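Have a look at the structure below, then the notes.
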Amino acid sequence: MKISIAQLDPIVGDVEGNLVKLKETVDRCAGDGSELVVFSELYLTGYPPRDLLDYRGFIKQVENGIDEILNFSTGYKNTAIIFGAPSINKNPAGKGLFNSAFFVSNGKVLHVHHKMLLPTYDVFDESRYFDTGDTLRPVEYGGIKIGLTVCEDAWNDPEYWPARRLYGEDPVAMLVNRGADLLINISASPYTADKEMLRYNIFVNQVKRHKKGFLFVNQVGGNDELIFDGRSFYINPAGNPVFALPGFEEKIYTFDTERVVNDYCYEPIPKIESVFKALVLGVRDYMKKTGFGKAVVGLSGGIDSSVTACIAVEALGAKNVLGVSMPSQYSSESSKTDAQKLAENLGIRLLTVGIRDVFDAYLDTLAGHFEGKPVDITEENIQARIRGNILMALSNKFGYLLLSTGNKSELAVGYCTLYGDMSGGLAVISDVPKTMVYELGHYINRDREIIPENVFVKPPSAELRPGQTDQDTLPPYEILDRILELHIEHSRSSEEIIEMGFDEEIVKWVINAVARNEYKRKQAAVGLKVTTKAFGTGRRMPIAAKYSL
Numbered sequence: 015m016k017i018s019i020a021q022l023d024p025i026v027g028d029v030e031g032n033l034v035k036l037k038e039t040v041d042r043c044a045g046d047g048s049e050l051v052v053f054s055e056l057y058l059t060g061y062p063p064r065d066l067l068d069y070r071g072f073i074k075q076v077e078n079g080i081d082e083i084l085n086f087s088t089g090y091k092n093t094a095i096i097f098g099a100p101s102i103n104k105n106p107a108g109k110g111l112f113n114s115a116f117f118v119s120n121g122k123v124l125h126v127h128h129k130m131l132l133p134t135y136d137v138f139d140e141s142r143y144f145d146t147g148d149t150l151r152p153v154e155y156g157g158i159k160i161g162l163t164v165c166e167d168a169w170n171d172p173e174y175w176p177a178r179r180l181y182g183e184d185p186v187a188m189l190v191n192r193g194a195d196l197l198i199n200i201s202a203s204p205y206t207a208d209k210e211m212l213r214y215n216i217f218v219n220q221v222k223r224h225k226k227g228f229l230f231v232n233q234v235g236g237n238d239e240l241i242f243d244g245r246s247f248y249i250n251p252a253g254n255p256v257f258a259l260p261g262f263e264e265k266i267y268t269f270d271t272e273r274v275v276n277d278y279c280y281e282p283i284p285k286i287e288s289v290f291k292a293l294v295l296g297v298r299d300y301m302k303k304t305g306f307g308k309a310v311v312g313l314s315g316g317i318d319s320s321v322t323a324c325i326a327v328e329a330l331g332a333k334n335v336l337g338v339s340m341p342s343q344y345s346s347e348s349s350k351t352d353a354q355k356l357a358e359n360l361g362i363r364l365l366t367v368g369i370r371d372v373f374d375a376y377l378d379t380l381a382g383h384f385e386g387k388p389v390d391i392t393e394e395n396i397q398a399r400i401r402g403n404i405l406m407a408l409s410n411k412f413g414y415l416l417l418s419t420g421n422k423s424e425l426a427v428g429y430c431t432l433y434g435d436m437s438g439g440l441a442v443i444s445d446v447p448k449t450m451v452y453e454l455g456h457y458i459n460r461d462r463e464i465i466p467e468n469v470f471v472k473p474p475s476a477e478l479r480p481g482q483t484d485q486d487t488l489p490p491y492e493i494l495d496r497i498l499e500l501h502i503e504h505s506r507s508s509e510e511i512i513e514m515g516f517d518e519e520i521v522k523w524v525i526n527a528v529a530r531n532e533y534k535r536k537q538a539a540v541g542l543k544v545t546t547k548a549f550g551t552g553r554r555m556p557i558a559a560k561y562s563l
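Following the numbering used here, the numbering of the sequence shown begins with 15 at its first residue and continues without gaps.
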């Protein structure tokens with residue numbers, strides 16, 4: 015059977031626009047002789063639609079869209095369509111909706127599979143909106159019995175997860191037992207840095223167990239904090255990959271399930287390259303889907319702002335990125351020249367707005383109220399907030415989106431200033447640990463020097479007081495990042511981390527700092543997710559609470 019994969023980037027909520035792309039894709043694929051065109055999970059609404067699903071008017075748009083696809087399909091008698099969309103559950107005892115995969119041909123619905131396994135962990139909240147499906151059966155088309163699943167349905171392989179299965183049922187095994195010859199999974203599987211091979215190996219294991227070919231079709235694109243990498247693939251019944259589509263880009267591809275491929279080897283995208291591409295896609299789509307064409311970035315001469323600016327240029331083009339240098343009396347000469355050199359290397363415009371006079375004016379204004387109080391972090395934060403205000407003023411005046419530049423390590427322990435360096439519309443690297451920021455910098459410089467070499471070798475510093483460095487306040491980043499990974503991504507307690515050999519005093523300081531600064535993160539800009547546990551919708555910790563971890 016000739017099957018086309020539509021690895022596309024739908025816009026959440028844009029039923030009409032997504033429908034137009036579906037029609038164009040089907041028309042193109044039918045012209046190439048495709049017998050079946052497969053779109054991703056909830057393609058018609060984009061994923062995740064979240065509380066849009068609570069609006070009856072929105073669901074009516076979806077229903078109209080499904081009817082339009084049925085009418086449209088009558089013009090393609092030899093080409094069927096599989097696509098994802100919400101559908102109404104008429105059982106009054108349920109929540110009212112299913113997450114469904116529609117299989118339509120020549121104006122008829124051949125089958126609707128309602129997703130059985132509804133993930134409710136990390137960023138997933140499907141049980142909030144959907145009911146569990148009960149329509150699992152193969153559908154015959156073109157002489158082949160096709161077993162259709164939606165994303166999580168294919169992930170509950172008991173051999174792959176012997177110790178931590180989340181569900182009691184294995185829809186893939188059930189489909190094979192009911193006669194499926196070919197398995198298809200439509201997905202909206204978000205990217206994380208270590209997920210690609212895990213996901214691929216799950217499907218390989220399913221094929222080896224059941225001796226059935228398996229097609230995986232994934233969404234691509236950035237939707238708010240989530241990034242979808244695509245990487246759709248087909249594994250033949252012998253367990254060998256036939257192809258994999260590129261990551262982080264739209265692609266329409268047609269293949270024949272009968273074609274024998276013996277020399278294809280699945281190669282994952284190297285980790286740091288994939289993180290860079292994910293962040294670029296996340297910035298580009300966030301800008302495009304929210305209506306911004308240009309971005310502004312504060313350039314301090316440090317690694318975080320340098321990497322953020324490079325990602326912005328890759329996503330938007332140099333002419334659409336404005337850099338702003340805001341030196342104070344504490345800014346080193348090298349920081350100013352490093353920012354200037356970076357802007358020249360990137361080909362972006364650089365504004366220089368000194369903050370010394372403004373800072374002095376603040377101090378004069380507050381002098382009577384601060385009399386008798388020692389200089390402390392208050393004065394440091396005033397500088398950060400002056401810079402945040404300047405950047406937001408430029409954003410307002412020229413319609414540029416401000417990209418904040420703080421990394422995950424700083425955000426975790428509160429080494430950042432509310433309404434200062436945390437200001438912005440999108441936090442580009444807020445899920446990137448500091449050590450990985452340096453790795454991204456070296457990746458950016460893989461062919462030529464873009465980020466000045468001095469940025470990599472000088473001690474990181476906020477430069478808010480004379481001679482300041484990050485390590486005056488924080489543990490070495492190599493140690494800090496490892497503790498944060500164990501605590502945030504792997505939910506390890508302080509006792510468990512100490513037992514691994516980490517210094518007790520450092521561990522307790524780090525974990526207390528994480529808890530103490532939850533209120534800051536609650537007010538942070540939307541941050542792009544690239545690790546298994548990001549600060550955002552996937553991590554829901556209390557603020558007004560008393561606990562010990």
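We put the CB at the ideal spot given by N, CA and C, even for glycine.
These numbers were taken from a predicted model, which means no experiment stands behind them.
Beta-carbon within less than 6 Å of residue i's beta-carbon, same chain only, minus the 5 sequence neighbours each way: which residues are those?
i           : result
residue 221 : 228, 249 and 253
residue 24  : 32, 57 and 60
residue 296 : 236, 241 and 542
residue 101 : 112 and 114
residue 147 : 112, 128, 129 and 130
residue 46  : 268
So residue i packs on residue j, CB below 8 Å; how close in whole Å?
i           : j           : result
residue 567 : residue 79  : Limits of the chain in this structure are 15 at one end and 563 at the other, which puts residue 567 out of reach.
residue 237 : residue 61  : 7 Å
residue 546 : residue 206 : 5 Å
residue 113 : residue 128 : 7 Å
residue 280 : residue 214 : 6 Å
residue 52  : residue 266 : The pair is not a contact, with the Cβ atoms about 11 Å apart (cut-off 8 Å).
residue 301 : residue 158 : Not quite, the Cβ-Cβ distance comes to about 42 Å (not below 8 Å), so this is no contact.
residue 97  : residue 162 : So it is not a contact: roughly 11 Å between Cβ atoms.
residue 188 : residue 150 : 6 Å
residue 194 : residue 165 : That belief does not hold up - the Cβ atoms of residue 194 and residue 165 are roughly 17 Å apart, past 8 Å.
residue 423 : residue 495 : 6 Å
residue 264 : residue 21  : 6 Å
residue 473 : residue 356 : At roughly 18 Å, the Cβ-Cβ gap does not stay under 8 Å, so residue 473 and residue 356 are not in contact.
What span of residues does the alpha helix (DSSP H) with residue i cover, start to end?
i           : result
residue 215 : 210-224
residue 265 : Looking at the DSSP string, residue 265 is not in any alpha helix (DSSP H); the run it does join, the beta strand (DSSP E), is 265-270.
residue 323 : 317-330
residue 410 : 391-412
residue 525 : 518-530
residue 304 : 285-304
residue 470 : 467-471
residue 41  : 29-45
With distances taken between CB atoms, is the gap from residue i to residue j smaller than 8 Å?
i           : j           : result
residue 328 : residue 540 : no
residue 364 : residue 337 : yes
residue 293 : residue 332 : no
residue 442 : residue 417 : yes
residue 406 : residue 369 : no
residue 511 : residue 489 : no
residue 425 : residue 549 : yes
residue 428 : residue 531 : yes
residue 353 : residue 314 : yes
residue 230 : residue 247 : yes
residue 171 : residue 216 : yes
Here's a check: name, in chain order, each residue in its chain whose Cβ is nearer than 8 Å to the Cβ of residue i, leaving out the five neighbours to either side.
i           : result
residue 470 : 317, 452, 455 and 456
residue 42  : 266
Would you list the residues sitting across from residue i in a DSSP beta bridge?
i           : result
residue 63  : Answer is none; residue 63 lacks a bridge partner.
residue 486 : Residue 486 is not bridged to any residue.
residue 261 : 244
residue 228 : 197 and 249
residue 112 : 101
residue 117 : 96 and 125
residue 18  : 51 and 268
residue 154 : 159
residue 309 : 335 and 415
residue 441 : 418 and 541
residue 235 : 242
residue 372 : Residue 372 is not bridged to any residue.
Locate the beta strand (DSSP E) running through residue i, then write down its first and last residues.
i           : result
residue 418 : 415-418
residue 100 : 94-102
residue 364 : 363-366
residue 432 : Taken as a continuous stretch (DSSP letters only), residue 432 belongs to no beta strand (DSSP E), as it is neither H nor E.
Let me check you understand the geometry: is the CB of residue i closer than 7 Å to at least one non-hydrogen atom of the ligand FMN?
i           : result
residue 328 : No copy of the ligand FMN appears in this structure; indeed no ligand is present at all.
Leaving out the 5 sequence neighbours to the left and right, which residues in its chain are closer than 7 Å to residue i when beta-carbon positions are compared?
i           : result
residue 63  : 26, 27 and 56
residue 482 : 475 and 476
residue 525 : 501, 508 and 563
residue 245 : 210, 232, 258, 259 and 261
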